[in-house]
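Top line first, the protein sequences correspond to chains B and G. 0 is the number of the first residue of the first sequence in numbering that gives the first Met the number 0; add one for each residue after it. 0 is the number of the first residue of the second sequence in numbering that gives the first Met the number 0; add one for each residue after it. Using N, Cα and C, we set each Cβ at its ideal position, and we do this for glycine too. First comes the structure, then the notes that go with it.
There are 2 protein chains.
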Amino acid sequence: MTGVRFELLAEDGAARRGRLHTAHGTIETPAFMPVGTAATVKAMTPAMLRQTGAEIVLANTYHLMLRPGAERIARLGGLHRFMAWPGPILTDSGGYQVMSLAERRTLDEAGVTFASHLDGRRHQLTPERAVEIQDLLDATVTMVLDECTPYPIAPDAAAASMRRSMRWAERSRAAYRARAGYGLFGIVQGSVFPELRAESAEALVAVGFDGYAIGGLAVGEPQALMFAVLEATVSTLPADRPRYLMGVGKPEDLAGAVARGVDLFDCVLPTRSGRTAQAWTRFGPLNLRNARHADDPRPLDPDCACPVCAAHARAYLHHLVKAGEILGAMLLTWHNLCYYQALMAGFRAAIERGALAAFAARLERERAGGDLAPWSGQGLRARSGLTRPPD
Amino acid sequence: MTGVRFELLAEDGAARRGRLHTAHGTIETPAFMPVGTAATVKAMTPAMLRQTGAEIVLANTYHLMLRPGAERIARLGGLHRFMAWPGPILTDSGGYQVMSLAERRTLDEAGVTFASHLDGRRHQLTPERAVEIQDLLDATVTMVLDECTPYPIAPDAAAASMRRSMRWAERSRAAYRARAGYGLFGIVQGSVFPELRAESAEALVAVGFDGYAIGGLAVGEPQALMFAVLEATVSTLPADRPRYLMGVGKPEDLAGAVARGVDLFDCVLPTRSGRTAQAWTRFGPLNLRNARHADDPRPLDPDCACPVCAAHARAYLHHLVKAGEILGAMLLTWHNLCYYQALMAGFRAAIERGALAAFAARLERERAGGDLAPWSGQGLRARSGLTRPPD
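Structure below.
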């Protein structure tokens, strides 16, 4: 019986071009996983999502255990069927959301007890129960329960937390029911302390996992520190398993992490931005509420190949956002996810050519150049034709 | 120069199977127009909308003149380009929304002045300005400005209002710039009084319009009264022009009106319902918030051919609605519009076969039978397969 299988296709420095084979399909890496918190990538139909190029989505154990319930999803045939996403699904273990969303938390060696943010009811999440829930959901990739430490944190507190997370990882491994094409990932902790990260990675590798995640980063530390910790951590992980940097990030974070050998990412940024009037393009983030867009007939990015840029002007997106229309959230989310997937495809192609550094430098240049100059009105009629056909 | 052209293909009693030829495409009638208030059919992309079978959409002069402004839309190339809907668009004149949404209204012979519900700024809408706005929007079909009387209303008040609306219709006609494939529709008023309706229709026909709308119905009067007024009104309208019953309605209203010779409809019901957890099927309306759907693996209607019923269980829709997910509004709106378009296709096919009465009787029977029996859980595993593939 084999779990998910990682195939290394090419390398460019520390960067890797790979392929992750799973029971629900193959994922080209480096890959970005859109976040489908409550069994939906917000404001996207499964068909729109597939059209972005996404090959795997992430869902949240914490949210799904509370509503609609893991046992219910199992009775309904599992999460793939429930959310009509037949492709691979990775579920986080719920640890991070318990810490950020739940109320009246108590954490001890057994696990964590908490009150639901929805109805106040008490729940317990242990390493064993987290694995069981993800099994009920039929997750392609199950994550071990861990504690994501805040930043900054004292070294001894980080060490104690990390060591408990490692004991939890071992218990998760013991509780996990291995199946062909399904995988269990361990999560490296240890905050920003290289020796703790190394100890954590060693402990996980000794247990043996199908993939290794790097948790506890992108929690407020400077980017340079994140990259330094990442380098130290990645060098301690086996080359034949996928590496997943949790909760990251901005395009420039992705570029730096890909260059340091990370294969998988997830982040709410493109989807959450889409619901708050923010678009991501190679020019950086844009605020569509800004009046500068009100008369602009140009798409978000004239060179973007996504369905939103093919059909809709900035002026229209501005209007939708100002009017509070659902379609505004839909179109901006759609574009943002297309941008992220195109970015990942760009990383993959660059690694294959051995040209990742040049690709990253171009990204940096384009972002530094900022957005298109404000629309001057010049050439508007020429571009959009006469406002009326001749009589 | 000809306006929109109506082709009568078949009749079944008073019911008509027709085709409306316009500058932006052909509409098979009887047709239902989804409402795209603010240049978006709420929660639908243009591609999803097209997929429902919709051939024409309605947009609102009142909303668009206030935001983003008619002159702005004209500069951006017109409403078709603005909302990425190249097909036919009918715009209402704004009269109805001024009466239902605007503040501090004053109506006199010149027109109506009001304060915007968005920012309190004062605006004037005259018959001439309403036509000009719709011209700026590049509406395929322009509606004359009229006053939609409330129900009930005294006969003399109804007569005075209707006669002013008829003078406005004449001014609208004079202000209208005719173009090939574009049309101007008059609106019959007169509340529930057959002699006033006849007088109104006669006045409009004397002016001459590309189509005739029936306004001032579905404003609270009983269905039987609406049908009686409709019969009296339709009989006074020319057979070679399309007839449009404004703001109607429920499936059973559509059936009755189609049988009485109406060709065009619009209503917010399928879209508004979709945003308030209500689904329309041949079984009648369903409330997806109801706990009876929580474990139901069946689609809204097992016989529905729409993309929502093909992919999603009631249990999932229930979950989305309970979780306040945007996708819930998207999927229910999508299904509802598919249901409405399938209903219209059913009317059209039945008229062609001379079998409208039998078709309407079947609709009535199915609706009377009510929703599917609650899900018993029987056959769930058989239907949805094992919750897990064998190891």
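Exercise. Mind checking if residue 321(B) is an interface residue toward chain G, Cβ cutoff 8 Å exclusive?
Worked result: yes
Exercise. Skipping 5 residues on each side, what residues in its chain have a beta carbon closer than 7 Å to that of residue 343(G)?
Worked result: 29, 30, 31
For this session: Can you check DSSP and say which residues form a bridge with residue 135(B)?
Result: Per DSSP, none; premise fails for residue 135(B).
For this session: Please state if the CB of residue 317(G) and the CB of residue 287(G) are separated by a distance shorter than 8 Å.
Result: yes
Exercise. When you compare each of 117(G), 252(G), 25(G), 126(G) to residue 85(G) by their alpha carbons, which one comes out closest?
Worked result: 25(G)
For this session: Count the other CB atoms, across all protein chains shown, that sit within 10 Å of the CB of residue 118(G); report buried if there are 16 or more and exposed otherwise.
Result: exposed
For this session: Rounded to whole angstroms, what's the CA-CA distance from residue 34(B) to residue 278(B)? Just pull it up for me.
Result: 17 Å
Problem set entry | Close beta carbons around residue 369(G), own chain, < 7 Å, minus the five adjacent residues each side | 282, 283
Exercise. Per DSSP, residue 130(B) forms a beta bridge with which residues?
Worked result: Looking at the DSSP assignment, residue 130(B) forms no beta bridge with any residue, so it has no partner.
For this session: Inspect the beta-carbon positions of residue 145(B) and residue 214(B) and report whether they are closer than 8 Å.
Result: yes
For this session: Can you say whether residue 372(G) is buried or exposed, counting buried as having 16 or more other CB atoms within 10 angstroms of its CB?
Result: exposed
Exercise. For residue 224(B), is the classification buried or exposed, using 16 other Cβ atoms within 10 angstroms of its Cβ as the cut-off for buried?
Worked result: exposed
Exercise. Is the number of C-beta pairs between the stretch 343-362 of chain B and the stretch 103-121 of chain G that are closer than 8 Å three or more?
Worked result: no
For this session: Report buried or exposed for residue 207(B), applying the criterion of at least 16 other Cβ atoms within 10 angstroms of its Cβ.
Result: exposed
Exercise. Can you tell me the Cα-Cα spacing of residue 392(B) and residue 137(G), whole angstroms?
Worked result: This structure cannot speak to residue 392(B), because chain B is shown only from 0 to 390.
Problem set entry | Bridge partner(s) assigned by DSSP for residue 112(B) | 105(B), 123(B)
Exercise. If you drop the 5 nearest sequence neighbours on each side, which residues of the same chain put their C-beta closer than 8 Å to that of residue 66(G)?
Worked result: 37, 117
Exercise. Taking 8 Å as the CB-CB limit, is residue 37(G) close to chain B?
Worked result: yes
Problem set entry | Near-chain G residues of the stretch 322-338 of chain B (beta-carbon distance less than 7 Å), N- to C-terminal order | 322, 324, 325, 326, 328, 329
For this session: Measure the C-alpha to C-alpha separation of residue 39(B) and residue 306(G) and round it to an integer number of angstroms.
Result: 16 Å
For this session: Evaluate residue 123(G) with the Cβ neighbour count: other Cβ atoms within 10 Å of its Cβ, from every protein chain shown; 16 or more gives buried, anything less gives exposed.
Result: exposed
Problem set entry | Reduced DSSP category for residue 216(B) - H, G, I as helix; E, B as strand; rest coil | coil
Problem set entry | Beta-carbon proximity of residue 268(B) to residue 248(B), cut-off 8 Å | yes
For this session: Mind checking which residues open and close the alpha helix (DSSP H) that includes residue 365(G)?
Result: 355-368
Problem set entry | Pair within 8 Å by beta-carbon distance, residue 202(G) and residue 186(G) | no
For this session: Could you check the C-alpha separation between residue 298(G) and residue 73(B) for me, to the nearest Å?
Result: 18 Å
Exercise. Out of curiosity, what's the CA-to-CA distance linking residue 382(G) and residue 290(G)?
Worked result: In this prediction, residue 382(G) has a pLDDT of 42, which is less than 50 and means its spatial position is unreliable; what the coordinates show is noted afterwards. The straight-line gap from Cα to Cα measures roughly 21 Å.
Exercise. Going along the chain, which residues of the stretch 291-311 of chain B sit with their C-beta nearer than 8 Å to a C-beta in chain G?
Worked result: 293, 294, 296, 306, 310, 311
Problem set entry | residue 391(G) versus residue 139(G): straight-line alpha-carbon distance, rounded | Any answer about residue 391(G) is impossible in this case: the structure gives chain G only from 0 up to 390.
For this session: Starting from residue 141(G), trace the beta strand (DSSP E) both ways and give me its first and last residue.
Result: 140-142
Exercise. Going along chain B in order, which residues have a C-beta closer than 9 Å to the C-beta of residue 21(G)?
Worked result: Per Cβ cutoff of 9 Å: no residues; residue 21(G) is ~13 Å from chain B at best.
For this session: Identify, in the order they occur along the chain, each residue of the same chain with its Cβ nearer than 6 Å to the Cβ of residue 10(B), setting aside the five sequence neighbours on each side.
Result: none
Problem set entry | Partner residues on chain B for residue 81(G), Cβ-Cβ distance less than 7 Å | 315
For this session: At 7 Å on the CB atoms, spell out the chain B contacts of residue 1(G), in chain order.
Result: None at all; the shortest Cβ gap to chain B is about 13 Å.
For this session: Measuring only between beta-carbons, confirm whether residue 318(B) sits less than 8 Å from chain G.
Result: yes
For this session: Compare the beta carbon distance of residue 161(B) and residue 199(B) with 8 Å and say whether it is the shorter of the two.
Result: yes
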